[in-house]
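Colleague: Under our numbering, think of the first position of the sequence shown as 1, with each following residue one higher.
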Amino acid sequence: MNYNGFAVRCKGASHIRNHTVCQDSAKHIQDEKAVVSAVADGHGSSAYFRSDRGSEFAVEIGCEKLFDFLHTTDLSALSEQEQSEKITELTNCIVNGWRTAIMKDLLELPFTEDEILNVPEKDKENYFPFSESQRDAVSREELEQHFDAENPSPEILSLFKAYGSTLICLGFCENFGLGLHVGDGKCVAVYPDGTTDEPIPWDEKCHLNRCTSLCDERAKEEFRHHIWKDMFPTAVFSASDGIDDTFADRLHWFYLQIALEFIETDFEKCVSEIETQLPKFSERGSQDDMSLCGMIDIEQLQTMAEMIHETIQNMEREQKLTEIQQKLLELEYRKNSVEKIISLSTDELKIASSREKLAILEEEIRKIEEQRNLLELKTPENSEPIQETEFEEDEEFEITVYEEIADSEEFQFFEQSEAFEHFEKSPELVTEEDGFED
């Protein structure tokens, strides 16, 4: 077992400005037989006012239970049905352990009036009986008597919401690896052939500001998982959505860059540098808390430097081609609009002015097409590292379509034309340069 693990986190830029706690947690543990790392993202709205503790309990219990599992179970020797049963037992154990930790915390520290002051009324009604002011009315013995981690009562279940959190937990031993996930965030693996993937299935219930959670009634059923048995990853990373939202469609590129850093830098120094960079990523990106963990086979990674460089370069090339194609679509659309205006106008001066603008657009399109063609020819063997593509901008060049013909008779016809209908359907392609406003 050649993996080294790490886990780091930071308070988000928006949390720093608003003087709120960091709601993300991260943890890793390892010995000579197994390595485990985890991240958890506590929910942010007022009803989840103890989610920072909920996420801390999540990584503590997730790591502990998965670490024990790796030492006592060999999934690689089991049938698929037996594997599924064992993983269900494990996720049930994690959820029950998390619920037990929440109940212990609540018994020791009942909700304060300040904590529940600003929560929604429906949640306040659930939380109030377990607040400090009601400590004498509900004894510790009564609470413990009514608590069943396996099947909590509706009254107890509603209390878990205050601690709501996601969890991603990864673990590897000699014969297999296992990833567990409830909620949002993503896991990205890097393989010996240089490819990357997101092995743990995505949860379609996680959309916009909604996601599944450890605090859900059906949390045990909401866990997804992935087993590594045949091809082990060289590196695997997971992070909260603060990272995902910052890098979006460049997330795999980001993790490959981190992999390169581990090749070129001492392991502990690299982890420290990642931790230092997280607040900067948050400030420039999502503004959210960030937690990131991973495990890396350094020896194998050392043999992959050239391959990773090529993969990164190809990703950057595809990104630039996508940006260029989008720019061409915008310019072609504006070109077609100017051509339509020329065909509709009877004012010779306006026609001449529009033709000048058309010529500028056509020249800009030609230059960008040349850039695209050059990029399409580039391969890692025959090109230098891809540079930032800069599109030429002429501040004096403005297509003032609306200002020029809005009052003309021709515009009445243009309003009914296919071109105008396309403008209305595609506002994202209409810029202030085109003279149309919302």
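Note that CB positions come from ideal geometry on N, CA and C, so glycine has one too.
Here's the rule: buried if 16 or more other CB atoms are within 10 angstroms of the residue's CB, otherwise exposed. What is T72?
Modeller: Looking up residue 72 in the sequence shown gives position 72. The residue is exposed, with fewer than 16 neighbouring Cβ atoms inside 10 Å.
Colleague: Mind reading off the beta-carbon distance from V8 to V271? Whole number of angstroms is fine, and I expect it under 8 angstroms.
Modeller: Within the sequence shown, numbered from 1, the residue matching residue 8 stands at position 8. Within the sequence shown, numbered from 1, the residue matching residue 271 stands at position 271. Contact holds; Cβ gap of about 7 angstroms.
Colleague: Would you kindly report the start and end of the unbroken alpha helix (DSSP H) that includes Q30?
Modeller: Along the sequence shown, one-based indexing puts residue 30 at 30. Element bounds for Q30: not the alpha helix (DSSP H) but the beta strand (DSSP E), 24 to 30.
Colleague: Mind checking if E80 is an interface residue toward chain D, Cβ cutoff 7 angstroms exclusive?
Modeller: The structure shown contains no chain D, having only a single protein chain.
Colleague: Going along the chain, which residues of its own chain have a beta-carbon closer than 6 angstroms to the beta-carbon of I342, five neighbours each way excluded?
Modeller: Looking up residue 342 in the sequence shown gives position 342. Excluding residues within five positions, the ones whose Cβ falls inside 6 angstroms are I351, S354.
Colleague: Does H43 come out as helix, strand or coil in the three-state DSSP assignment?
Modeller: Counted from its first residue, the sequence shown places residue 43 at position 43. Three-state result, H43: coil.
Colleague: With DSSP as the reference, please indicate the residues paired to Y3 in a beta bridge.
Modeller: If you number the sequence shown from 1, residue 3 lands on position 3. In the DSSP output, where bridge partners are listed per residue, Y3 has D297.
Colleague: For W228, is the classification buried or exposed, using 16 other Cβ atoms within 10 angstroms of its Cβ as the cut-off for buried?
Modeller: Reading the sequence shown from its first residue, position 228 is the one you call residue 228. Looking at its Cβ environment, which holds 16 or more other Cβ atoms inside 10 Å, W228 is buried.
Colleague: Is D297 closer than 7 angstroms to Y3 when the C-beta atoms are compared?
Modeller: Counting from 1 along the sequence shown, the entry for residue 3 is found at position 3. Counting from 1 along the sequence shown, the entry for residue 297 is found at position 297. The answer is yes: Cβ separation under 7 angstroms.
Colleague: Spatial neighbours of F94 within its chain, please: C-beta separation below 7 angstroms, excluding the five flanking residues on both sides.
Modeller: The sequence position of residue 94 within the sequence shown is 94, counting from 1. This sequence places Ile at residue 94; Phe is not what is there. Cβ within range, chain order: I61, G62, K65.
Colleague: To the nearest whole angstrom, what separates the beta carbons of E113 and S131, a pair I think is in contact under 8 angstroms?
Modeller: Taking the first residue of the sequence shown as position 1, residue 113 is located at position 113. Taking the first residue of the sequence shown as position 1, residue 131 is located at position 131. So it is a contact: roughly 6 angstroms between Cβ atoms.
Colleague: Output yes or no for whether 7 angstroms exceeds the beta carbon distance between K27 and C173.
Modeller: The sequence position of residue 27 within the sequence shown is 27, counting from 1. The sequence position of residue 173 within the sequence shown is 173, counting from 1. The answer is no: Cβ separation not under 7 angstroms.
Colleague: Straight-line CA distance for E398 to S337?
Modeller: Along the sequence shown, one-based indexing puts residue 398 at 398. Along the sequence shown, one-based indexing puts residue 337 at 337. Interpretation of E398 is limited by its pLDDT of 40, a score under 50 that renders its predicted location unreliable; the figure taken from the coordinates is listed afterwards. C-alpha separation (whole angstroms): 13 angstroms.
Colleague: From L75, G185, D148, pick the residue whose C-alpha is nearest to that of T100; which is it?
Modeller: What you label residue 100 is simply residue 100 of the sequence shown in a count that begins at 1. For T100, the nearest C-alpha among the options comes from D148.
Colleague: Kindly indicate which three-state DSSP category S37 falls into: helix, strand or coil?
Modeller: Counting from 1 along the sequence shown, the entry for residue 37 is found at position 37. In the structure shown, S37 sits in a strand (DSSP, three-state: E or B).
Colleague: Where do the N-terminal and C-terminal ends of the alpha helix (DSSP H) with K186 fall, by residue?
Modeller: Mapped onto the sequence shown, residue 186 falls at position 186. Unbroken run through K186 is the beta strand (DSSP E), 186 to 190; no alpha helix (DSSP H).
Colleague: When the Cα atoms are used, what is the spatial distance from M103 to S213?
Modeller: For this step, residue 103 is matched to residue 103 along the sequence shown. For this step, residue 213 is matched to residue 213 along the sequence shown. So the alpha carbons of these two residues sit roughly 17 angstroms apart.
Colleague: State whether the region 248 to 263 contacts the region 324 to 334, with contact taken as three or more CB pairs (one from each stretch) at a distance under 8 angstroms.
Modeller: In short, these stretches do not touch, since the Cβ pair count stays below three.
Colleague: Is DSSP giving H252 helix, strand or coil here?
Modeller: Walking along the sequence shown from the start, residue 252 turns up at place 252. In this structure, H252 counts as helix in the three-state DSSP scheme.
Colleague: In chain order, what residues of the same chain have a beta carbon less than 8 angstroms from the beta carbon of Q83, not counting five sequence neighbours either side?
Modeller: For the purposes of this step, residue 83 is taken as the residue at position 83 of the sequence shown. Closer than 8 angstroms at Cβ, skipping near neighbours: L75, I227.
Colleague: What residue from T195, P129, Q277 has the CA that sits closest to M315's CA?
Modeller: Here the question's residue 315 lines up with position 315 in the sequence shown. Checking every option, the nearest Cα to that of M315 belongs to T195.
Colleague: Between which residues of its own chain and H181 is the CB-CB distance below 6 angstroms, once the five residues before and five after are set aside?
Modeller: Taking the sequence shown and counting its residues from 1, the one referred to as residue 181 is at position 181. Only I168, I200, R224 meet the Cβ criterion.
Colleague: In this structure, how does DSSP classify M290 when only helix, strand and coil are distinguished?
Modeller: Against the sequence shown, residue 290 aligns to sequence position 290. Looking at M290 - three-state DSSP - the assignment turns out to be strand.
Colleague: I'd like to check one pair, G5 with D288: are the Cβ atoms closer than 7 angstroms?
Modeller: Here residue 288 refers to the residue found at position 288 when the sequence shown is read from its first residue. Here residue 5 refers to the residue found at position 5 when the sequence shown is read from its first residue. Their beta carbons are not under 7 angstroms apart, which means D288 does not touch G5 by this criterion.
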